[in-house]
């Protein structure tokens, strides 16, 4: 913790900061990796005395890479010796000039390392139309320029492999010497795929290839050769902590690159602030004079023999009428449980490969944020669990111990497991076979529908329809995280009976 901006803030260790900056220069500044400039990072906190905290052995992995020098004459002497060891003579700021004016491009060493990591990961292998869309996008990105910019829209629903294609594009284009980034509004997809590509200590080498969507509002036009925008339907209009920076994230991402690739699924709009749409992309691309290409990825749910699951879900959740009114559970493992504990036990039994998790609608307050011992989701006498919003953060879905806790839409969108357990809360109920969504049953701190009550006074019909769709889309998204199966528990019994009536089983599986 440090005092910053008129308050205590949790910040990364200064040695890590120095080391990460050095890694950034080594990976992207041509003056460094081609000009023979050696980077030797260190951290000097001239007003911080040793206290056993900042210099705790726990941080030795960082302090070994970037030595830490603190307050006091002895520390200053050690710093002087460190500088003398690595800087033999001055050069009238010539090195600083070269660094400041060095061409920003990924180094071959970085590109080769990234490519090597991808090659060893079977989950990133492209199949069927993924490969076709990848090759077409790759060809377009390579010929894009500031005078002939490209914008590419790749549409695909859950399980189509959008992120697999996105990561492959990032690696291949970086390997070709092009400057770009993988961008997402949510931290979860970026952090999970960074983690899958590399272990913790080496991940820092590649972290500068990943970015949030809110940092492009003041970027010079065509700064990047390419931007890969995953989960583009989650983009916001404004950026910044208070939503007061920039104009429109879709526009800013298009302007910042000669080729911007948007991976989008408009059926996964889950907050009132989500503004990413194909139409918005087309309009801003036209304003820039960019050529637009559009591709569609087919569902990979067919790998589990369930082409009809998504269509059935759209019909069952009253999102879109389809002919798929009954689901055969022999094709996709869908079950309705009588208790949340039975649901959780079943998901734990499926977690032998760390690929099963439980999620829920955001209808319970996050009490454990302030009290680590508090239970968040309490249902009846036997089920008491915590949200996993703090301990593992955006890495919740792959953290080994997180099976004991419950995730939400904010930590699982854009990610998949084999089996997902979904607790359907009181914000989604069924009465006489009619779906009723109740926004007031969402926790009051839920940001996804923030401001809807104020907007209701202005346009009640439009806002009611928007909120209704967001709640339905949220459960659609949660219920499509499982590639092999989805198990549900409904806090409302009539709702549970509704789902049971919509499935065909050979035996009673609940």
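Numbering (the UniProt record's numbering), first residue to last: 1 to 510. Glycine included, every Cβ here is placed at the ideal spot set by N, Cα and C. Nothing here was measured: the structure is a model prediction, and the numbers come from that model.
query, result
"Got a sec, what are the start and stop residues for the alpha helix (DSSP H) residue 472 sits in?", "460-478"
"Helix, strand or coil for residue 126? Go by DSSP, reduced to three states.", "coil"
"Report all residues from its chain with a CB closer than 8 Å to the CB of residue 475; omit the five preceding and five following residues, and keep chain order.", "317, 361, 422, 424, 428"
"Under three-state DSSP, which class holds residue 74?", "helix"
"Could you check which residue in 146, 285, 452, 129 has the C-alpha nearest to that of residue 467?", "452"
"What residue range is occupied by the uninterrupted beta strand (DSSP E) comprising residue 333?", "333-337"
"Around the C-beta of residue 128, are 16 or more other C-beta atoms found within 10 angstroms, so that it is buried, or is it exposed?", "exposed"
"Might you give, ordered along the chain, the residues of its own chain that have their beta carbon closer than 7 Å to the beta carbon of residue 124, omitting 5 neighbours on each side?", "118, 164, 167, 168"
"Whose C-beta lies closer than 7 Å to the C-beta of residue 336 among residues of the same chain, with five residues either side of it excluded?", "488, 496, 499, 500, 510"
"In this structure, what does DSSP give as the bridge partners for residue 437?", "428"
"Once the 5 residues before and after residue 324 are set aside, which same chain residues still bring their CB inside 7 Å of it?", "308, 311, 312, 315"
"Starting from the C-beta of residue 59, find all residues in its chain whose C-beta is less than 6 Å away, skip the five residues before and the five after it, and write them out in chain order.", "13"
"On the DSSP letters alone, give me the boundaries of the beta strand (DSSP E) that residue 184 sits inside.", "180-184"
"Using only alpha-carbon positions, find the residue among 18, 170, 272 that is nearest to residue 462.", "272"
"Label residue 15 either buried or exposed according to how many other C-beta atoms from any shown protein chain fall within 10 Å of its C-beta, with 16 as the threshold for buried.", "buried"
"Taking the C-alpha atoms as reference points, what is the distance between residue 277 and residue 356?", "31 Å"
"On the DSSP bridge assignment, give the partners of residue 315 in chain order.", "In the DSSP output, where bridge partners are listed per residue, residue 315 has none listed."
"How would you write the range of the beta strand (DSSP E) that residue 484 sits in, first residue to last?", "482-490"
"Mapping DSSP to helix, strand and coil, what is residue 54?", "coil"
"The alpha helix (DSSP H) that contains residue 544, what's its start and end?", "The structure shown does not extend to residue 544, since the chain is modelled only from 1 to 510, so the question has no answer here."
"How far does the alpha helix (DSSP H) with residue 447 in it reach, from first residue to last?", "Counting along the chain, residue 447 falls outside any alpha helix (DSSP H), and DSSP gives it neither H nor E."
"Might you give, ordered along the chain, the residues of its own chain that have their beta carbon closer than 8 Å to the beta carbon of residue 235, omitting 5 neighbours on each side?", "185, 213, 229, 249, 250, 253, 274, 275, 276"
"Would the beta-carbon of residue 502 fall within 8 Å of that of residue 159?", "no"
"Using 8 Å as the threshold, is the C-beta distance between residue 42 and residue 73 below it?", "no"
"Count the other CB atoms within 10 Å of the CB of residue 397; is the residue buried (16 or more) or exposed (fewer)?", "buried"
"Output needed for residue 494: all residues of its chain with C-beta closer than 8 Å, excluding positions within five of it in sequence on either side, in chain order.", "429, 430, 431"
"Which residues bound the beta strand (DSSP E) around residue 226?", "226-229"
"Name the DSSP bridge partner or partners of residue 296?", "155"
"Can you tell which of 359, 289, 341, 479 has the C-alpha that lies nearest to the C-alpha of residue 255?", "289"
"Grab me the residues of residue 134's own chain with a C-beta within less than 6 Å of its C-beta, minus the 5 sequence neighbours each way, in chain order.", "126, 165, 168"
"Would you give the residue range spanned by the beta strand (DSSP E) that residue 210 belongs to?", "210-212"
"For the ligand ADP, any of its heavy atoms closer than 7 Å to the Cβ of residue 353?", "Looking at this structure, you won't find the ligand ADP or any other ligand, since it has none at all."
"Any idea which residues DSSP pairs residue 329 with across the strands?", "According to DSSP, which records beta bridges pairwise, residue 329 is partnered with nothing at all."
"In this structure, does DSSP put residue 383 in helix, strand or coil?", "strand"
"Reducing DSSP to helix, strand and coil, say where residue 347 ends up.", "helix"
"Taking only three categories from DSSP, how would you classify residue 15?", "helix"
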